[in-house]
């Protein structure tokens, strides 16, 4: 089953700036997005704590950060982000209700696709797929399910997409469910050949056919320190473990994300049973050049995270039409 038709081939990734109904509606009505991704949700919501689950934008050169509000930040000054976030506190059923409300209230003649990002135990993920598929069938809304197996910030729960056994457990839980909407996996940054091989070998041996991969999530085990005042040389952000270590995204992730997309595309093409799997490329795209690079290495569509949080909806026009454009 191919990935949904997404035109223009640009959307948001699952991130903090697609958390609320207002976020999703604004993304849906934006003419420069071809689809909308929801923030990763669980059946019953994630226990979010504002005191430890945070994000920040910072400079990779000066190691300075900004306290400016989201959507008002210069990408030239603060091209990177660090987060200690988990998943959305909003449960899946609420997102599905919002999607229904947004689509039915929209003047668009042709509904814009939604990629519903989910996670949880293998059994819960299977139930998530069933619920998304039921909404798609009832309302004829173009939906896809992205299973996020790659968040680096969950204590004592390493990203399942690094492990053959964990990946297989998820794929096995999904194998007997009737497939009516596209199914994808969100992968972590892979950094050596064996990690790519683990994913490809597991997909080859699975009875569950995957339709797309979203590559890549944030890079874990990253730390940014404050550089002035009482926070000098102290972790910039809090975290559940108290270390301030979190996931890196934005400009510094871009070369690694390109490498992941290029390698996955090449390896998928080498196997008859996998070459139809599409890739949503994510990681450090904030302008037309980054978008073009991601497409050149094999991404069918491109998703934006950090740049959306910095600049807001105008970033999509900038990516598609160049830096002189600022219309939504």
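Numbering (UniProt numbering), first residue to last: 1 to 328.
For glycine and all other residues, C-beta sits at the position ideal for the given N, C-alpha and C.
For clarity, every value in this text was computed on a predicted model and none was experimentally measured.
Contact set for residue i: own chain, Cβ-Cβ below 7 angstroms, skip 5 residues either direction
i, result
"residue 181", "132, 133, 136, 143, 144, 145"
"residue 282", "13, 214, 215, 216, 257, 303, 305"
"residue 3", "144, 182, 211, 212, 278, 300"
"residue 159", "149, 150, 151, 152, 188"
"residue 21", "98"
"residue 325", "Because residue 325 carries a pLDDT of 46, less than 50, the predicted location of this residue cannot be relied on, and the following value inherits that uncertainty. For residue 325, where only same-chain residues beyond five positions count, the Cβ hits under 7 angstroms are 317, 318."
"residue 265", "279, 297, 298"
"residue 156", "none"
Run of the alpha helix (DSSP H) containing residue i, from where it starts to where it stops
i, result
"residue 290", "288 to 296"
"residue 187", "Counting along the chain, residue 187 falls outside any alpha helix (DSSP H), though it belongs to the beta strand (DSSP E) covering 183 to 187."
"residue 306", "306 to 311"
"residue 214", "No alpha helix (DSSP H) contains residue 214, which is instead part of the beta strand (DSSP E) from 212 to 215."
"residue 268", "254 to 269"
"residue 3", "Looking at the DSSP string, residue 3 is not in any alpha helix (DSSP H), and its letter there is neither H nor E."
"residue 29", "21 to 29"
"residue 320", "314 to 321"
"residue 274", "Segment: none, residue 274 is in no alpha helix (DSSP H) and carries neither H nor E."
"residue 164", "164 to 174"
Other residues of its chain near residue i: CB distance less than 6 angstroms, five sequence neighbours each side excluded
i, result
"residue 224", "58, 82, 236"
"residue 65", "56, 58, 236"
For residue i, the first and last residue of its enclosing beta strand (DSSP E)
i, result
"residue 191", "Note, residue 191: premise wrong, no beta strand (DSSP E); not H, not E."
"residue 148", "143 to 148"
"residue 278", "278 to 282"
"residue 246", "246 to 250"
"residue 42", "No beta strand (DSSP E) contains residue 42, which DSSP labels as neither H nor E."
"residue 12", "10 to 12"
DSSP bridge partner residues for residue i (one or two, in chain order)
i, result
"residue 55", "83"
"residue 235", "225"
"residue 219", "248"
C-beta neighbour in chain D for residue i, strict 9 angstroms
i, result
"residue 301", "Here chain D cannot be found, since the structure has a single protein chain."
Sequence-distant residues of its chain with Cβ nearer than 8 angstroms to residue i (five each side left out)
i, result
"residue 239", "52, 84, 153, 245, 246"
"residue 327", "Because residue 327 sits at a pLDDT of 46, beneath the cut-off of 50, its placement in the model cannot be relied upon, and the following sentence gives the value as read from the coordinates. The answer, listed in chain order, is 314, 317."
"residue 139", "100, 103, 104"
Nearest-angstrom beta carbon gap, residue j and residue i [assumed within contact, 8 angstroms]
i, j, result
"residue 286", "residue 307", "4 angstroms"
"residue 96", "residue 43", "With 8 angstroms as the limit, residue 96 and residue 43 do not qualify as a contact, their Cβ atoms being about 11 angstroms apart."
Considering only residues of the region 95 to 162, which uninterrupted alpha helix (DSSP H) runs meet the minimum length of 4 residues and lie entirely inside it, listed in chain order? 122 to 139
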